[in-house]
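Protein chains in written order, with the numbering used here: chain P, 687 to 993; chain R, 53 to 418. Single-structure report; data block below.
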């Protein structure tokens with residue numbers, strides 16, 4: 687007989703990790719192409735509200751997922767147009783994407799605050815009360831399994847395929863990639879939209895399963911933690927997944943400490959994820975001595991005449 | 053086949069008889085024109101949203117105009133609202149001189165207000181002028197303290213300052229919520245968790261009407277920031293430090309030291325914004341100290357190309373927009389319209405700026 691509390695902790699860890707990880711994986715893909723998108727928080731928020739609105743109005747959960755993912759991808763294309771096509775500053779554009787995304791989602795979701803979902807995203811194998819570790823893993827919803835599939839696929843493509851190598855060349859040295867005949871701007875444009883789609887998937891996971899309701903600013907900095915996770919993972923999918931599990935574990939553990947007999951101030955508990963993120967980021971940067979593994983071309987707009 | 057055919061995707065799909073080249077000379081006023089056209093684009097976007105919501109854009113915008121700058125009183129409110137925006141924006145611009153980003157202005161504003169209350173509780177002075185000055189100075193220190201960890205870790209280890217400054221926002225907001233619900237909770241404030249009001253003797257007085265002395269502080273600090281960035285030795289050294297590493301070494305400038313002090317000063321400006329806001333407007337610490345000023349300040353700073361005088365002007369406009377945005381709630385229009393117009397202005401400006409920096413030339417394929 688396994689401890690029920692432990693199973694609850696494991697379940698919460700997996701869910702919190704999935705939420706963070708999908709957004710990180712999307713950002714990882716975008717950054718691998720040499721585009722930095724600081725708009726993750728805004729993109730998650732747009733996906734979250736679009737998915738939630740669709741779910742409330744249609745009761746069709748799969749349609750809601752698709753709408754959420756597509757809205758974020760389209761929203762991310764603003765960043766792609768401004769930074770890839772028009773070659774403007776990626777930091778500025780990404781930051782404003784976050785601000786715009788939060789404002790747009792608040793505007794759209796204004797009439798949906800406090801509404802309940804008729805159907806939420808259910809466990810894929812219909813396991814309601816898992817009684818052992820395996821069942822906890824099998825009790826997750828479809829997005830969890832998608833996340834695992836994506837990790838394996840993305841890692842395999844980046845490491846073992848010609849396409850992956852050519853793709854990474856764009857982020858490492860866009861001029862060399864261009865002279866190899868790779869369409870740099872097209873690659874970067876699509877990679878930015880894919881990053882948005884992943885953030886949207888993370889958003890629908892938030893509003894259709896993790897919480898599930900809609901309020902303003904409910905992303906609560908998760909987009910920024912996802913950005914930190916990409917650095918934590920050294921731009922490698924598996925390491926980013928491990929980072930997400932670690933953060934998911936901490937997010938799940940801290941509120942539960944009380945049940946293990948620790949007296950904690952609830953207000954302090956709320957800010958621990960942010961403190962831990964900073965702490966981990968600092969320790970990691972010191973440990974790696976500045977060699978982070980970032981794509982070399984990140985943040986620099988590609989312009990052929992610069993050759 | 054043209055050898056100079058260098059339009060890249062998706063331009064080549066749209067127009068394949070043109071080449072794209074960088075302009076040698078960029079119009080000096082390009083930032084200004086980009087802003088104006090960007091603002092126009094944003095107003096069009098705002099109108100579309102209003103039309104979708106069955107509201108008349110003309111009526112809404114004229115009401116916003118009337119209630120934000122239509123009278124001396126409303127103009128004063130707008131300028132009071134602009135004060136924290138401008139101060140925080142100046143802080144962001146100073147830090148950007150060394151090519152670093154401060155996304156933590158929101159947290160620094162709260163920290164400035166917390167510092168004011170902390171000193172106010174523990175110190176009682178009979179001379180109210182010097183007391184106010186001490187409180188304002190402590191808000192500056194509070195903001196600088198708030199950015200201390202991002203600054204130290206950036207300078208010593210190269211930790212990404214964008215993420216650390218952003219995350220401090222959540223930490224300081226959490227601290228504020230803790231304080232106003234715990235140690236500083238005012239038992240008289242039943243519905244809304246807040247600290248006790250500060251005494252009337254430390255209120256920042258008004259110059260005339262509703263216009264607070266905070267705005268005067270704002271003018272002074274705009275001039276100071278302009279001098280610091282463009283005319284002082286420190287500003288020159290900051291620019292070198294933010295440029296190439298080798299140049300800084302040749303010039304004998306300690307780039308890390310400049311970056312460190314630039315960050316502390318910039319954080320201090322945002323902290324001062326919080327101090328002024330507390331002493332002139334809210335008069336107590338609560339989560340209402342800032343309504344996203346620190347984030348809007350990023351737009352204000354970026355849209356002006358980090359120019360202090362531009363920040364002053366655009367900040368004033370955006371302050372009016374925020375006031376306008378909050379009053380149109382009464383006719384059932386969402387206050388987020390103002391946020392969307394502000395963010396869209398910058399996106400519009402970025403798009404326009406491209407056409408100032410680049411040139412599409414027709415290719416003769418004969």
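Don't be surprised by glycine CBs; every beta carbon is placed ideally from N, CA and C. Because the structure is a prediction, the values reported are computed rather than measured.
How is the alpha helix (DSSP H) around residue 852/P delimited, first residue to last? In the first chain, residue 852/P corresponds to position 166, counting from 1. Taken as a continuous stretch (DSSP letters only), the alpha helix (DSSP H) holding residue 852/P covers 848 to 858.
Using a Cβ-Cβ distance cut-off of 7 Å, determine whether residue 980/P contacts chain R. On the first chain, position 294 is the one that residue 980/P refers to. In terms of beta-carbon proximity, residue 980/P stays away from the interface with chain R, with every pair separated by 7 Å or more.
Classify residue 399/R as buried or exposed, calling it buried when 16 or more other Cβ atoms lie within 10 Å of its own Cβ. Mapped onto the second chain, residue 399/R falls at position 347. Residue 399/R comes out buried.
Quick check: the Cα distance between residue 905/P and residue 262/R, rounded to an integer number of angstroms? For this step, residue 905/P is matched to residue 219 along the first chain. For this step, residue 262/R is matched to residue 210 along the second chain. Roughly 37 Å separates the two Cα atoms.
Of the residues 858/P, 806/P, 850/P, 981/P, the one placed nearest residue 893/P, counting alpha carbons only: For the purposes of this step, residue 893/P is identified with residue 207 of the first chain, where counting begins at 1. The candidate whose alpha carbon is nearest that of residue 893/P is 806/P.
Let's see if you can read the secondary structure: which residues bound the alpha helix (DSSP H) around residue 313/R? Working through the second chain from its first residue, we reach residue 313/R at position 261. Residues 307 to 329.
Along the beta strand (DSSP E) that carries residue 221/R, what are the first and last residues, could you check? Against the second chain, residue 221/R aligns to sequence position 169. Bounds of any beta strand (DSSP E) do not take in residue 221/R; it lies within the alpha helix (DSSP H) bounded by 213 to 233.
Name the DSSP bridge partner or partners of residue 994/P? A query on residue 994/P cannot be resolved here, the shown segment of chain P reaching from 687 to 993 and no further.
Is the distance from the Cβ of residue 223/R to the Cβ of residue 960/P below 7 Å? Reading the second chain from its first residue, position 171 is the one you call residue 223/R. Reading the first chain from its first residue, position 274 is the one you call residue 960/P. Yes, the pair counts as a contact, with Cβ atoms nearer than the cut-off.
Which residues, in chain order, does the stretch 396 to 408 of chain R contribute to contact with chain P at a C-beta distance below 8 Å? For the stretch 396 to 408 of chain R, which is checked against every Cβ of chain P, the residues closer than 8 Å are 396, 398, 399, 402, 403, 405, 406.
Simplified DSSP state of residue 260/R, which is helix, strand or coil: As a position in the second chain, residue 260/R is number 208, starting the count at 1. Secondary structure at residue 260/R: strand, using DSSP grouped into helix, strand and coil.
Closer than 9 Å at the beta carbon, the chain P residues around residue 234/R: Along the second chain, one-based indexing puts residue 234/R at 182. Simply 951, 953.
Run down chain P in chain order and give the residues with a C-beta less than 8 Å from the C-beta of residue 249/R. For the purposes of this step, residue 249/R is taken as the residue at position 197 of the second chain. Those do not exist, as residue 249/R stays about 22 Å from chain P at its closest Cβ, beyond 8 Å.
DSSP state of residue 71/R mapped onto helix, strand, coil: Locating residue 71/R in the second chain gives position 19, counting from the first residue. Residue state, collapsed to three classes: strand.
So, does the stretch 148 to 163 of chain R touch the stretch 221 to 235 of chain R, judging by three or more C-beta pairs under 8 Å? By the Cβ rule, the stretch 148 to 163 of chain R counts as touching the stretch 221 to 235 of chain R, because three or more pairs are nearer than 8 Å.
With which residues is residue 388/R paired in a DSSP beta bridge? Position 336 of the second chain, counted from the start, is the residue given in the question as residue 388/R. DSSP output for residue 388/R lists no bridge partner at all.
Contact criterion: CB-CB distance below 7 Å. Does residue 768/P meet it with respect to chain R? Translated into the one-based positions of the first chain, residue 768/P becomes position 82. Interface annotation, residue 768/P: in contact with chain R, CB-CB separation under 7 Å.
Distance, residue 922/P Cα to residue 215/R Cα: Here the question's residue 215/R lines up with position 163 in the second chain. Here the question's residue 922/P lines up with position 236 in the first chain. Taking the straight line from one Cα to the other gives about 19 Å.
Please say whether residue 367/R and residue 138/R have beta carbons closer to each other than 7 Å? By one-based count along the second chain, residue 138/R stands at place 86. By one-based count along the second chain, residue 367/R stands at place 315. It is a contact, given that the beta carbons lie within the stated cut-off.
How many angstroms separate the CA atom of residue 182/R from the CA atom of residue 230/R? The residue labelled residue 182/R in the question sits at position 130 within the second chain. The residue labelled residue 230/R in the question sits at position 178 within the second chain. For residue 182/R and residue 230/R, the distance between alpha carbons rounds to 30 Å.
Counting pairs of Cβ atoms below 8 Å between the stretch 192 to 211 of chain R and the stretch 330 to 349 of chain R, do you hit three or more? The stretch 192 to 211 of chain R, when compared against the stretch 330 to 349 of chain R, does not touch it at the 8 Å Cβ threshold.
Closer than 7 Å between beta carbons: that is the criterion. Which residues of the stretch 775 to 795 of chain P meet it against chain C? Of the chains in the structure shown, none is chain C; the protein chains are P and R.
Against residue 971/P, what residues of chain R qualify as contacts under a CB-to-CB distance less than 9 Å, listed in chain order? Position 285 of the first chain, counting from 1, holds the residue named residue 971/P. Those within 9 Å of residue 971/P in chain R are 205, 209, 210, 211, 212.
Evaluate residue 254/R with the Cβ neighbour count: other Cβ atoms within 10 Å of its Cβ, from every protein chain shown; 16 or more gives buried, anything less gives exposed. For the purposes of this step, residue 254/R is taken as residue 202 along the second chain, with counting starting at 1. The residue in question, residue 254/R, is buried, as its Cβ has 16 or more Cβ neighbours within 10 Å.
If you pair each beta-carbon of the stretch 288 to 307 of chain R with each one of the stretch 110 to 126 of chain R, do three or more pairs fall below 8 Å? No, because fewer than three Cβ pairs between the stretch 288 to 307 of chain R and the stretch 110 to 126 of chain R fall closer than 8 Å, the two stretches do not touch.
Reduced DSSP secondary structure (H/G/I, E/B, other) of residue 303/R: By one-based count along the second chain, residue 303/R stands at place 251. Residue state, collapsed to three classes: coil.
Along the chain, where does the beta strand (DSSP E) that runs through residue 925/P open and close? As a working note, residue 925/P is residue 239 in the first chain. No beta strand (DSSP E) contains residue 925/P, which is instead part of the alpha helix (DSSP H) from 923 to 942.
Give the interface partners of residue 921/P over in chain R, defined as CB-CB distance under 7 Å, in chain order. The residue you call residue 921/P lines up with position 235 of the first chain. Near residue 921/P there are no residues of chain R at all, since even the closest Cβ is about 13 Å away, more than 7 Å.
Host alpha helix (DSSP H) of residue 369/R (start-end): Here residue 369/R is taken as the residue at index 317 of the second chain, counted from 1. For residue 369/R, the enclosing alpha helix (DSSP H) begins and ends at 360 to 379.
If you compare alpha carbons, which of 694/P, 738/P, 855/P is closest to residue 822/P? Numbered from 1 along the first chain, position 136 holds the residue referred to as residue 822/P. Out of 694/P, 738/P, 855/P, 694/P has the C-alpha closest to the C-alpha of residue 822/P.
Beta-carbon proximity of residue 326/R to residue 164/R, cut-off 7 Å: Within the second chain, residue 326/R is the residue found at index 274, counting from 1. Within the second chain, residue 164/R is the residue found at index 112, counting from 1. Cβ distance < 7 Å, so residue 326/R and residue 164/R count as in contact.
Within 10 angstroms of its Cβ, does residue 212/R collect 16 or more other Cβ (buried), or is it exposed? Within the second chain, residue 212/R is the residue found at index 160, counting from 1. So residue 212/R counts as buried.
Along chain P, which residues have their Cβ under 8 Å away from the Cβ of residue 114/R? As a working mapping, residue 114/R is identified with position 62 in the second chain. Neighbours of residue 114/R in chain P, taken as residues whose beta carbon is under 8 Å from its own, are absent, since the nearest beta carbon is some 21 Å off.
If we count Cβ pairs, one from each stretch, closer than 8 Å, do we get three or more for the stretch 778 to 788 of chain P versus the stretch 715 to 728 of chain P? At 8 Å Cβ cutoff, the stretches touch.
So, residue 97/R versus residue 396/R, is the Cβ gap smaller than 7 Å? Residue numbering aside, residue 97/R sits at position 45 when the second chain is read from its first letter. Residue numbering aside, residue 396/R sits at position 344 when the second chain is read from its first letter. Going by C-beta atoms, residue 97/R is nearer than 7 Å to residue 396/R.
Inter-stretch contact at 8 Å, needing at least 3 Cβ pairs: the stretch 705 to 715 of chain P / the stretch 930 to 940 of chain P: Enough Cβ pairs lie closer than 8 Å, so yes.
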